[in-house]
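These notes are about the structure you will find just below.
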Amino acid sequence: MAHPTSGLTRGHLTRRGLLTASAAALLAAGCDGSGRRAADRVITGGPVYTLDRRRPWAQAVAISGDRIQAVGDRASLEPLIGPGTELVDAAGGLVLPGFHDVHCHPIEGRSGGGCLLDYDADAAQLVRQVRGCTHGGPPGWVVGAGFDVTRLTEGPRPPYELLDDAVPDRPALMFDSNGHAAWLNTRALDVLGIGPGTPEVTGGVTLRDAAGRPTGLLLDNAMLVHSTRLAELLPQDEYPLLLQSQDALAAAGITSVADARVFWRDPHDQLTLWRRAEREGRLKARTTLGLWAHPELPDDEQLAELRRLYRREPAGPLSVAEVKICVDGITSNLTAALLDPYLVGTPVPGDRGLNYFDAARTARYVTELERDGFSVHLHAIGDRGVREALDAIEHARRRNGDLGARHRITHIEYPDPADLERFARLGVVADFQTSAPGIDDPEYRRGDEPVLGAERAARLQPIRALMEGGATVTLSSDFDVGDLSPLANIATSLRIGPHAVPGLERAICAYTLDAAYALRQERLTGSIEAGKLADLVVLDRDILDRPVEELAEATVRRTILGGRDVYVAP
Ligand SMILES: [Zn+2]
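Using our numbering, the final residue of the sequence shown is 586, and nothing's skipped along the way.
Listed below in structure tokens is the structure:
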């Protein structure tokens, strides 16, 4: 495995620099006769799994200010316990570094309008569900989320007509469970001005009938661009949603998070909300924002705007240091980009999926953005999508050399086996989610066989191969597409057959130290070492000493960010 500490690059703290900073912190804190100051807090009473290779296990952690002052056995930390030291009892629970969720949608996870739809519902059931919740949502509209898009393309009736059955008199718009499709009724199509003459959106598909009339399903960037119009018509204050997400992150034990799609332009500007939360001291996790690269914008203008917004603060609370690029779509839309065609007809000519950003644009964006300091977070699912993402990073490397960016490709569902070795070679972080409901069910894992064939479908998420091939691999939630809980997602990552993570320790590393590396924070977070930030989680049990079957029942008892509790279980 490429251990994160092997990633030293120009501009980053060296190991020597970290030790010096740590010693300086201790000195600045004021010395007693022994030269060591009493700790503010000492956690004891439970095993400490540090992820520090030199000392993987300890019994106690001393905290001074926002930093870890010392790690060791109880006796060695005794001298740091003074009259003012707060003793925190882990009560037999495991102490871990705080979890890092490198692909999350904190704000979107709390939205969804008034109408929550069932992913397993068929078209008729969906119509009944929408009918049952027409009271919710913004005034004048019915808005909801959660359906499975394939359920609406099976039958003879166009989707808009089905939704008209449920909502005949008002505009209605439903987002699918993946955030890659929208379902509109006739009124909504009219209000948003989507008709036979509407030009196609770059990176999107407006499904149409033989006469060219939109059928009421918008895929990928067509959904995003048209629903941004909705934000204009129905401005929604997302700030309360952002604040709620902070409590959810803290309760899940997440101390560092990357928002994997931050809208930054009027009328949908989430960047301003994040900045406000930072200003008001409301953030409960160190936050890295991934600015959304809009496929429909002209490149020169967009790249200049993104450059202007860059700001990196490795210790947080808020960094604007990533750009999110969708290379391709998703298989359930038949829009994930493939080298060889789907086995079924698709709405995209050639049946090989679509690009939000084509190969040349992706290469240009990665090359220019890393010069500005950004790491690029690339969504790629199909084998062509993953290859183009890797090609873009390789292109940038040839042009720029190694600038220390930590690019990562996320999802990586069906990569060509020939491309796997490139992750380690190019230093690309491979990010996976095992958080979708049922993803560990063998039936679910064969779900794309009818459209991909057995050979391609069996490649789904080659996590183990990438880990064993030396790539840095992270696990993340993709909340609210998936479950937010790192513990639940770690449990699932061990149960996905031949591609499963080889061992619980590796899964924990993928959610802590390797994830800190992906966020360029591994000198500051991700393991429990003196001098690092005191970002810790205390579980209710020692998951490394219990059967893995018990893992999903484990809970977070306490989350500590920079030495202070941000969550204590009731
Ligand atoms: Zn996502």
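Built from N, CA and C at the ideal position, the CB exists for glycine as well.
Computed from a predicted model, the values in this text were never measured in an experiment.
- In this structure, does DSSP put residue 50 in helix, strand or coil? Residue placement at residue 50 cannot be trusted, given a pLDDT of 49 that sits under 50; the coordinates are not used to answer.
- Message: Please report the distance separating the alpha-carbon of residue 81 from that of residue 53.
- Response: 11 Å
- Extent of the continuous beta strand (DSSP E) to which residue 192 belongs: Its beta strand (DSSP E) spans residues 188 to 192.
- Task: Output the residues surrounding ligand 1, defined as those with a CB atom closer than 5 Å to any ligand heavy atom, in chain order.
- Result: Contact residues of ligand 1 (beta-carbon closer than 5 Å to any heavy atom; chain order) are 276 and 494.
- Item | Expected contact under 8 Å - CB spacing of residue 116 and residue 508 to nearest Å | Wrong, their Cβ atoms sit about 17 Å apart, outside the cutoff.
- Go ahead and pull the three-state DSSP assignment for residue 230. Three-state result, residue 230: strand.
- Item | Simplified DSSP assignment, three categories, for residue 501 | coil
- Query: By the 10 Å Cβ neighbour count, where 16 or more other Cβ atoms means buried, how is residue 360 classified, buried or exposed?
  - Reply: exposed
- At which residues does the beta strand (DSSP E) containing residue 545 begin and terminate? Counting along the chain, residue 545 falls outside any beta strand (DSSP E), and DSSP gives it neither H nor E.
- Taking DSSP as the reference, what is the three-state secondary structure of residue 26? Bear in mind that the predicted position of residue 26 carries a pLDDT of just 26, short of 50, making it unreliable; the figure below should be weighed with that in mind. Coil.
- Check the C-beta distance from residue 392 over to residue 452 and give it rounded, since I have them as a contact under 8 Å. Actually they are not in contact, since the Cβ atoms of residue 392 and residue 452 sit about 24 Å apart, beyond 8 Å.
- How many whole angstroms separate the CB atoms of residue 219 and residue 311, which I take to be in contact at a CB cut-off of 8 Å? 4 Å
- If you scan the segment 278 to 312 from start to end, which runs of the alpha helix (DSSP H) of 4 or more residues do you find wholly inside it? Runs found: 287 to 295.
- Message: Need the endpoints of the alpha helix (DSSP H) that residue 527 sits in, please.
- Response: 520 to 527
- Task: Using alpha carbons as the reference points, say which of 96, 444 and 586 lies closest to residue 485.
- Result: 444
- Message: Quick check on residue 48: buried or exposed, where buried means 16 or more other Cβ atoms within 10 Å of its Cβ?
- Response: No answer about residue 48 holds up, because its pLDDT of 43 lies below 50 and its placement is not dependable.
- Message: Taking the alpha helix (DSSP H) that residue 139 belongs to, which residues open and close that run?
- Response: 139 to 148
- Might you give, ordered along the chain, the residues of its own chain that have their beta carbon closer than 7 Å to the beta carbon of residue 245, omitting 5 neighbours on each side? 208
- Query: Taking one C-beta from the segment 504 to 524 and one from the segment 467 to 484 each time, how about it: are there three or more such pairs within less than 8 Å?
  - Reply: yes
- Message: Is the separation between the beta-carbon of residue 307 and that of residue 289 shorter than 8 Å?
- Response: Result no, Cβ atoms of residue 307 and residue 289 do not sit closer than 8 Å.
- Item | Rounded C-alpha distance that separates residue 232 from residue 295 | 41 Å
- Who pairs with residue 344 in a beta bridge, going by DSSP? 371
- Exposed or buried, residue 320, counting other C-beta atoms within 10 Å across all chains shown (16 or more means buried)? Residue 320 comes out exposed.
- Query: Pairing CB atoms from the segment 154 to 173 with CB atoms from the segment 296 to 305, are three or more of them under 8 Å?
  - Reply: Output reads no: the segment 296 to 305 does not touch the segment 154 to 173.
- Message: Can you give me the C-alpha to C-alpha distance between residue 520 and residue 316, rounded to a whole angstrom?
- Response: 45 Å
- Task: May I ask you to report which of helix, strand or coil DSSP gives residue 274?
- Result: strand
- Message: Going by beta-carbon coordinates alone, are residue 491 and residue 506 separated by less than 8 Å?
- Response: yes
- Terminal residues of the continuous alpha helix (DSSP H) containing residue 479? 479 to 484
- Outcome for residue 542 when other beta-carbon atoms lying within 10 angstroms are tallied against a minimum of 16: buried
- Task: Could you tell me the boundaries of the beta strand (DSSP E) in which residue 59 lies?
- Result: 57 to 60
- Message: Just to confirm the assignment: which complete alpha helix (DSSP H) runs, minimum length 4, are found wholly within the segment 196 to 255?
- Response: 202 to 207 and 237 to 249
- Excluding the 5 residues preceding and the 5 following residue 384 in the sequence, name in chain order all residues of the same chain whose CB lies nearer than 6 Å to its CB. 319
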